[in-house]
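Taking it in order: structure first as structure tokens, then the write-up.
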């Protein structure tokens, strides 16, 4: 699923809920659900392709980033008006400018980008790795959907 499709469909779902017959809303809201407990919540979005991690969380403090990516590197943060560079997080890493709405979450300690992580599986197959990640079953190809 592409990010744009995901965002569009999410917005449509919210609008549709507002336009749906009231009995559907009452039914959905009247469902018995376990009481939420306070605690840590981890939200993982697994999006296939298109995201270049080094241009999402930009290591603008690393000279090699610019030397090795002269045509696609995100500009370092600038302090002027109309800034199109990375959004400074800590003086070394920054967010892609399109992700600037996430900066307040970072400032409040509610955002933690994690680079270069993956499954413990030693598979060399990108497709197997995706399946393992999505099913939470590393090295188990027999998991049904």
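In our numbering, the protein residues as written are 2 to 146. Ideal Cβ placement from N, Cα and C applies to all residues, glycine included.
* Asked: In terms of alpha-carbon separation, which member of 110, 5, 117, 85 lies closest to residue 53?
  -> Locating residue 53 in the chain shown gives position 52, counting from the first residue. Checked all of 110, 5, 117, 85; the closest Cα to residue 53 is 117.
* Pick from 135, 115, 111, 122 that is closest to residue 42, judged by C-alpha positions -> By 1-based counting over the chain shown, the position of residue 42 is 41. Comparing Cα positions, the closest option is 111.
* Asked: If we call anything under 7 Å between Cβ atoms a contact, is residue 101 one with residue 88?
  -> Counting from one through the chain shown, the residue named residue 101 turns up at place 100. Counting from one through the chain shown, the residue named residue 88 turns up at place 87. Yes, Cβ-Cβ distance for residue 101 and residue 88 is below 7 Å.
* Using DSSP with H/G/I as helix, E/B as strand and the rest coil, what is residue 96? -> Taking the first residue of the chain shown as position 1, residue 96 is located at position 95. Note: residue 96 maps to strand in three-state DSSP.
* Measure from the alpha carbon of residue 65 to the alpha carbon of each residue in 57, 58, 74, then state which is nearest. => As a working note, residue 65 is residue 64 in the chain shown. Ranking the options by Cα distance to residue 65, first place goes to 74.
* **Beta-carbon contacts of residue 93 that lie in its chain and below 6 Å, excluding the five residues immediately before and after** => By one-based count along the chain shown, residue 93 stands at place 92. Excluding residues within five positions, the ones whose Cβ falls inside 6 Å are 62.
* Asked: Who are the near neighbours of residue 141 in its chain, counting only those whose CB is closer than 8 Å to its CB and skipping five residues on each side?
  -> Working through the chain shown from its first residue, we reach residue 141 at position 140. For residue 141, where only same-chain residues beyond five positions count, the Cβ hits under 8 Å are 133.
* Asked: Beta carbon of residue 138, beta carbon of residue 130: below 7 Å?
  -> Along the chain shown, one-based indexing puts residue 138 at 137. Along the chain shown, one-based indexing puts residue 130 at 129. Contact flag unset, no.
* To do: Check whether the Cβ atoms of residue 57 and residue 95 sit closer than 7 Å, and answer yes or no.
  => Numbered from its first residue, the chain shown carries residue 57 at position 56. Numbered from its first residue, the chain shown carries residue 95 at position 94. Result no, Cβ atoms of residue 57 and residue 95 do not sit closer than 7 Å.
* **Contact with chain B by residue 85, beta-carbon distance below 7 Å** => Among the chains of the structure shown, chain B does not appear; only one protein chain is present.
* State the CB to CB distance for the pair residue 98 and residue 85, rounded to an integer number of angstroms; the pair is presumed to be in contact (CB under 8 Å). => One-based indexing of the chain shown puts residue 98 at position 97. One-based indexing of the chain shown puts residue 85 at position 84. Yes, residue 98 and residue 85 are in contact; Cβ-Cβ is about 6 Å, under 8 Å.
* To do: Could you name the residues of the same chain whose beta carbon sits closer than 6 Å to that of residue 106, not counting the 5 residues immediately before and after it, in chain order?
  => Counting from one through the chain shown, the residue named residue 106 turns up at place 105. Counting only Cβ-Cβ distances below 6 Å, and skipping sequence neighbours, we find 112.
* Asked: Can you pull the DSSP bridge partners for residue 132?
  -> By 1-based counting over the chain shown, the position of residue 132 is 131. Beta-bridge pairing links residue 132 to no other residue.
* When DSSP builds the beta bridges, which residues end up paired with residue 108? -> Walking along the chain shown from the start, residue 108 turns up at place 107. According to DSSP, residue 108 bridges with nothing at all.
* Near residue 120, what residues of its chain come up, given a Cβ to Cβ distance below 7 Å and the 5 sequence neighbours on each side ignored? -> For the purposes of this step, residue 120 is identified with residue 119 of the chain shown, where counting begins at 1. Only 130, 133, 134, 139 meet the Cβ criterion.
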